[in-house]
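Residue numbers (our numbering): 732 to 921. Even for Gly, the Cβ is constructed at its ideal location relative to N, Cα and C. Remember, predicted model here, so these are calculated numbers, not experimental data. Beneath this line is the structure, given in structure tokens, with notes to follow.
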Amino acid sequence: MIMPPYHCATIRVGERGIHEFYATVSDAIDIPIMIQDAPVAGTPLSALFLAKLAREIEHVSYFKLETAQAASELRELIELGGDAIVGPWDGEEAITLIPDFDAGATGAMTGGGYPDGIRKIVDSYAAGNVDEAAELCQQWLPLINYENRQCGLAACKTLMKEGGAIRSDAVRHPLMPMHPTVPSTTKPDM
């Protein structure tokens with residue numbers, strides 16, 4: 732998985748440079764490339780441009796869409812890219828998992844603190860039990876939001892510590908530890 736090249740908050744790489752970047756990577760490897768469409772890069776990637784990359788560059792075939800309104804972009808990407816789009820993935824940390832699957836996502840990269848819950852949702856959806864998947868998603872949504880809106884990457888370590896899997900929930904720099912009151916005041920009762 733590779734984000735498009737970017738340099739700070741103010742220097743942007745245009746579509747030509749992005750195309751050349753992925754073509755160069757594709758020429759150097761013999762495995763599929765997943766493009767990470769992440770707003771943090773500051774480089775907007777339209778569905779039209781992503782579909783063009785998939786059609787024109789041999790190994791570009793997977794996409795992780797982390798953008799707002801990802802379901803709309805997934806639908807458009809699949810429509811424009813056709814068979815060149817092998818793996819359109821949800822990348823919004825499971826917050827919009829069901830709408831993204833409804834739009835055609837074939838996979839997801841979610842938070843790491845609750846794989847048992849995500850697996851139940853994905854398995855139910857894949858088995859055609861969409862209503863059950865939606866109910867499970869609603870059940871797990873407080874924890875999904877807890878991770879995404881309250882504490883970010885530290886949530887996984889906090890949950891593993893509380894579950895007895897690890898002794899310390901310390902995170903590496905530059906991440907900041909959670910405020911001591913966050914786990915006790917905002918963690919959903921799961």
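Review point. Any idea if A864 is buried or exposed, counting beta-carbon neighbours within 10 angstroms, 16 or more meaning buried?
Key: buried
Check your understanding: Leaving out five residues before and five after P775 in sequence, what residues of the same chain have Cβ atoms less than 7 Å from its Cβ?
Key -> none
Point to revise | Cut-off 7 Å between Cβ atoms - residues of its own chain near H750, not counting five sequence neighbours on either side | key: L784
Check your understanding: When burial is assigned at 16 or more other CB atoms within 10 Å of the CB, is G812 buried or exposed?
Key -> buried
Check your understanding: Whose C-alpha, out of D833, A839, V791 and G843, is nearest the C-alpha of G874?
Key -> Here the sequence assigns Leu to residue 874, which means Gly is not the residue at that position. When C-alpha distances from L874 are compared across D833, A839, V791 and G843, the shortest belongs to G843.
**Study point:** Collapsed DSSP secondary structure at P988 in the structure displayed
**Key:** This structure does not reach residue 988, given that the chain is present from 732 up to 921, and the question cannot be answered.
Review point. What are the residues that DSSP puts in a beta bridge with M765?
Key: Y793
Point to revise | Of the listed residues A825, F794 and A834, nearest to I816 (C-alpha basis) | key: F794
Practice item. Could you name the residues that DSSP lists as bridge partners for I742? Key: H738
Check your understanding: Looking at the structure shown, is G818 part of a helix, part of a strand, or coil, going by DSSP?
Key -> strand
**Study point:** Proximity to P908 [Cα-Cα], best of E807, S899, I742 and A885
**Key:** Comparing Cα positions, the closest option is A885.
Exercise for review: Flag this pair as yes or no: are the beta carbons of G822 and L781 separated by less than 9 Å?
Suggested key: no
**Study point:** Rounded straight-line distance, which links the Cα of Y753 to that of N879
**Key:** Looking at the two C-alpha atoms, the distance is approximately 29 Å.
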